[in-house]
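Reviewing the structure listed below.
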Amino acid sequence: MARTHSESSDDFEFIETPAAPCQSPSPENCGVRTTSYPAIKNAPLPADAAGSDSFSNILLISLLVLVPWYLARQVGGGFYTTIFFAVFTSIPILMVFWPSIPVDP
Numbered sequence: 006m007a008r009t010h011s012e013s014s015d016d017f018e019f020i021e022t023p024a025a026p027c028q029s030p031s032p033e034n035c036g037v038r039t040t041s042y043p044a045i046k047n048a049p050l051p052a053d054a055a056g057s058d059s060f061s062n063i064l065l066i067s068l069l070v071l072v073p074w075y076l077a078r079q080v081g082g083g084f085y086t087t088i089f090f091a092v093f094t095s096i097p098i099l100m101v102f103w104p105s106i107p108v109d110p
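Numbered per my numbering, the sequence shown spans residues 6 to 110.
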């Protein structure tokens with residue numbers, strides 16, 4: 006079996022790695038203090054938005070419950086008809102509700 010050599014030989018020529026260029030922080034003000042450090046643990050992103058400040062769980066849950074209930078009532082159904090409509094209306098309601106939430110920069 007062939008043996009590989011991981012030892013460096015004496016005739017190998019090493020070159021020195023050049024220093025990284027200095028990067029200055031961007032001059033634009035984005036509302037968050039930015040630095041030129043290579044890494045900051047858990048650094049805030051300037052693109053972070055309000056999150057739960059503008060998201061209404063009550064409105065989402067009421068839409069997910071009331072829309073199937075209303076449709077089932079219109080066709081004269083009961084609880085199982087409401088569940089049937091909930092299966093088919095939940096994804097479209099979520100697709101309309103999530104992108105329509107206002108996001109403030």
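Note that the Cβ used here is the ideal one computed from N, Cα and C, for glycine as well.
How many Å lie between residue i and residue j at the Cα?
i      : j     : result
Pro110 : Val72 : Below a pLDDT of 50, predicted positions are generally treated as unreliable, and Pro110, at 49, falls in that range; no measurement from the model is reported.
Pro4   : Glu33 : The first residue shown for the chain is 6 and the last is 110, placing residue 4 beyond what the model contains.
Val92  : Arg38 : 46 Å
Leu99  : Gly36 : 31 Å
Ile20  : Asn62 : 60 Å
If residue i and residue j are in contact, beta carbons under 8 Å, what's the gap, nearest whole angstrom?
i     : j      : result
Thr87 : Trp103 : Not quite, the Cβ-Cβ distance comes to about 23 Å (not below 8 Å), so this is no contact.
Beta-carbon separation of residue i and residue j under 8 Å?
i     : j     : result
Leu76 : Phe90 : yes
Sort the options by Cα distance to residue i and report the nearest one.
i     : options                 : result
Leu64 : Val101, Arg78 and Gly36 : Val101
Three-pair Cβ contact test at 8 Å for the segment 57 to 67 versus the segment 79 to 91:
no
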